[in-house]
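Take a look at the structure set out below.
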Amino acid sequence: MKLIDMSLNEFSDEVDSSSPAPGGGSVAALASNIGVGLCKMMAHLSFGKKKYENLDEAIRIEFVNIFNQLSDIRQELVNLVDKDTEAFNEVMKALKMPKNSEEEIKNRNSAIQDATLFSIEVPYKTAELSLEALKLVDYIATYGNQNAITDIGVGTLMIYTGLEGAILNVKVNLSSIKDDNTKNHYTKCCGEILELGNKIKDKVIEDIHSKIS
Numbered sequence: 014m015k016l017i018d019m020s021l022n023e024f025s026d027e028v029d030s031s032s033p034a035p036g037g038g039s040v041a042a043l044a045s046n047i048g049v050g051l052c053k054m055m056a057h058l059s060f061g062k063k064k065y066e067n068l069d070e071a072i073r074i075e076f077v078n079i080f081n082q083l084s085d086i087r088q089e090l091v092n093l094v095d096k097d098t099e100a101f102n103e104v105m106k107a108l109k110m111p112k113n114s115e116e117e118i119k120n121r122n123s124a125i126q127d128a129t130l131f132s133i134e135v136p137y138k139t140a141e142l143s144l145e146a147l148k149l150v151d152y153i154a155t156y157g158n159q160n161a162i163t164d165i166g167v168g169t170l171m172i173y174t175g176l177e178g179a180i181l182n183v184k185v186n187l188s189s190i191k192d193d194n195t196k197n198h199y200t201k202c203c204g205e206i207l208e209l210g211n212k213i214k215d216k217v218i219e220d221i222h223s224k225i226s
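In structure tokens, the structure reads:
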């Protein structure tokens, strides 16, 4: 059964088990997915409301455009929940390959590198999508239904949690990559994503605290 087809209790119990997967990578993707859902909820609660309908047409058009972008991101993130566990399983599969001859060792090492790279690419995609979402939420928070302002605040925090959680998974797998160019590329990009994501998150949350104080 796919993780995304489990009930909430089933997924929670699967995480709370001796099985190493689903682990932090899948949970990070789910955290961002749920966070985006909360941000979209604010938009859902805005459509048709008088205050929203009285906004300039250009603002409403952009609002809908951002809503649709968040919908696409949310769908991609939910797919990454299972993809991350799949990536982990590929690494485990490669580690179990025979190593009784030089050729087998060579094939095993190659498979481990390929699987490890896959296990980096998946959480990195989660981090990229999370950053993309964070760049969009401030617009929804500004023009959306202010009765849901704390919901988008929680959503923002969830997205950032998914972002940083994904970065942790990228970095831990980078230690197994032999190619220095690959290591340097992901290290640099992860640092940039983390810095910008944290900056955006802090601004959104600070603005929300100001509104509700």
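14 is the number of the first residue of the sequence shown in my numbering; add one for each residue after it. Just so you know, even glycine gets a beta-carbon here, dropped at the ideal spot from N, CA and C.
- Query: How many Å lie between R87 and L147 at the Cα?
  - Reply: Straight-line measurement puts the Cα of L147 at about 12 Å from the Cα of R87.
- Item | Environment of G204 [buried if 16+ CB atoms lie within 10 Å] | G204 is exposed by the Cβ-count criterion.
- Task: At 4 residues or longer, and completely inside the region 194–226: list those alpha helix (DSSP H) runs for me, N to C.
- Result: Runs found: none.
- Item | Span separating the alpha-carbon of R73 from that of H57 | 13 Å
- Item | Reference S165, options M105, Y65, K112 and K214, closest by Cα | Checking the sequence, you will find Ile at residue 165 rather than Ser. I165 has its Cα closest to that of K214, out of M105, Y65, K112 and K214.
- Message: Three Cβ pairs or more, each shorter than 8 Å: is that satisfied between the region 165–175 and the region 34–51?
- Response: The answer is yes - the region 34–51 touches the region 165–175, with three or more Cβ pairs under 8 Å.
- Return helix, strand or coil for K138, following the three-state DSSP convention. helix
- Message: If I measure Cβ to Cβ from L142 and keep anything under 6 Å in the same chain, skipping five residues before and after, which residues do I get?
- Response: I86, E89 and L90
- Query: Which whole-angstrom value describes the C-beta separation of L144 and L209, a residue pair presumed to lie in contact below a C-beta threshold of 8 Å?
  - Reply: 6 Å
- Three-pair Cβ contact test at 8 Å for the region 59–75 versus the region 120–130: no
- Between the Cα of M55 and the Cα atoms of K119, V77, R121 and E134, which residue gives the shortest distance? V77
- Chain-order list of residues whose beta-carbon lies under 8 Å from that of K224 (same chain, five-residue window excluded): Q159 and I162
- Between which two residues does the alpha helix (DSSP H) harbouring A100 extend? DSSP places A100 in the uninterrupted alpha helix (DSSP H) bounded by E70 to L108.
- Task: State buried or exposed for N42, treating a residue as buried only when at least 16 other CB atoms are found within 10 Å of its CB.
- Result: Strictly speaking, residue 42 in this sequence is Ala, with Asn absent from that position. Buried is the call here.
- Of the residues C52, C202 and S226, the one placed nearest I153, counting alpha carbons only: C52
- Closer than 7 Å by C-beta to K196: which residues in its own chain qualify, once you throw out the five before and the five after it? Chain order, please. L187 and I190
- If V217 sits next to D151, beta carbons under 8 Å apart, how far is it from one beta carbon to the other, in whole angstroms? 5 Å
- How many angstroms separate the CA atom of F24 from the CA atom of S30? 10 Å
- Item | Own chain residues within Cβ distance below 6 Å of A34, not counting five before or after | T98 and F101
- Taking G37 as the reference, which of D193, S226, T174 and L207 has the closest Cα? T174
- Does DSSP put F24 in a helix, a strand or coil? helix
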